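Residue numbers (our numbering): 1 to 254.
Read the structure below first, then the notes.
Set out below in C-alpha cells:
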C-alpha cells in the first residue's frame, strides 16, 4: 500500500467518527470555451470549475462481507485494490464534458457512450476538520460509462483499463466494478440518474419532472426498465493520483 494512501485512510477513518461529511471532497476541473469567429483566429479560454463529490472508495475496494476473492483479512483485500480513487457521476453532467474536452471535437455533445480519452488533470482538495489535515491531490481523470457496442467499457483504452485496475486483478472487469458501485447507492441517488433533465439544466418549474419518491419506489421494487435507464446515465470517474500533498493545520486530537 502506498504511504499516502495509508495516511489518507487513517485520516478518513478518524474523521468519519466525528464528522460524516468527511466522506466528501472538492473536485476541480477546467472548462474550455472558444472565442473568435467571423474570420478571426479561434481562441480558447479556460475556466476553473469546482464541485463537492462523495468518495466511493478506491478501485475494487471491498469489505470482507462483500468480498468475491475469498480474502481472509484486510491485508488480503488490499492486494485486490489499487491506489486510484472513485467517484460517480451522470454522463450528461457538465463535468463529463469538462473532463473530455481534450479528446472530443468542438461542439460534440455528451452521450451515453463516451470516446477514449487520455486522462486530463483534475484537482482534489480534501479537508478533514477533526484531524486538521488537508490533502491536495493532482490526478488524471478517466470517465467510465456503459459498455460500448464493441463490448468494452467506454472511456478507456485497453492499456488504461489494465493500468487503472487493481493489483493482481486478472479477473477484474470494469463493467462489473461500475455495477458494484451503482448497487451500493441509495434508492434516492439511483433515482437521480433516471431524470429526463441532465444535471446542470435550467430548473423545471412546470411540474413535468416525475416525482423522485415514485422513481425510488419503482427502483426498490425491481423495475428493470428504470434500472436500465439509470445505468445508461451512471458513470464512474477514476482518479489516478499524480502527486499528493498533505498539510497539517492543527495538532491531531488526543
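For each residue, glycine too, the CB sits at the ideal point set by N, CA and C.
Because the structure is a prediction, the values reported are computed rather than measured.
- By the C-beta criterion, the stretch 233–246 is judged to be in contact with the stretch 171–189, since at least 3 inter-stretch pairs fall below 8 Å.
- Looking only at 45, 98, 127, 31, the smallest Cα-Cα distance to residue 55 is reached by 127.
- Residue 24 has its alpha-carbon roughly 29 Å from the corresponding atom of residue 45.
- DSSP places residue 162 in the uninterrupted alpha helix (DSSP H) bounded by 158–164.
- If you draw a straight line from the Cα of residue 244 to the Cα of residue 218, it comes to about 42 Å.
- The alpha carbon of residue 195 has as its nearest neighbour, out of 13, 28, 227, 222, the alpha carbon of 227.
- Distance from residue 47 to residue 166 at the Cβ level is roughly 35 Å; contact not present, criterion being Cβ atoms closer than 8 Å.
- The Cβ neighbour count for residue 179, taken over all protein chains shown within 10 Å, is under 16; the residue is labelled exposed.
- Take residue 16, set aside five residues on each side of it, and the residues of its chain with a beta-carbon closer than 7 Å to its own are 22, 23, in chain order.
- C-alpha of residue 32 to C-alpha of residue 98: approximately 7 Å in a straight line.
- For the options 224, 157, 142, the alpha carbon positioned closest to that of residue 119 is the one of 142.
- Boundaries of the beta strand (DSSP E) harbouring residue 241: 234–248, taken from the DSSP string.
- Closest in alpha carbon position to residue 138, among 20, 121, 132, 94, is 121.
- Under the three-state reduction of DSSP, residue 21 is assigned to helix.
- About 26 Å separates the beta carbons of residue 49 and residue 20, which is beyond the 8 Å limit, so they are not a contact pair.
- Residues 132, 133 of the same chain have their beta carbon placed closer than 7 Å to that of residue 248, with the five preceding and five following residues left out of the count.
- When the beta-carbon positions are compared, residue 59 and residue 87 stay at least 7 Å from each other.
- Residue 90 is a Cβ neighbour of residue 193, given a cutoff of 7 Å.
- A straight line joining the alpha-carbon of residue 145 with that of residue 231 spans about 9 Å.
- In this structure, residue 220 lies away from residue 186, with their beta-carbon atoms at least 7 Å apart.
- Per DSSP, residue 3 is one residue of the alpha helix (DSSP H) stretching across 3–16.
- With fewer than 16 neighbouring CB atoms inside 10 Å of its own CB, residue 242 falls in the exposed class.
- In this structure, DSSP gives residue 48 an extended state, which the three-state scheme calls strand.
- Where residue 91 is concerned, there is no enclosing alpha helix (DSSP H), because DSSP gives it neither an H nor an E.
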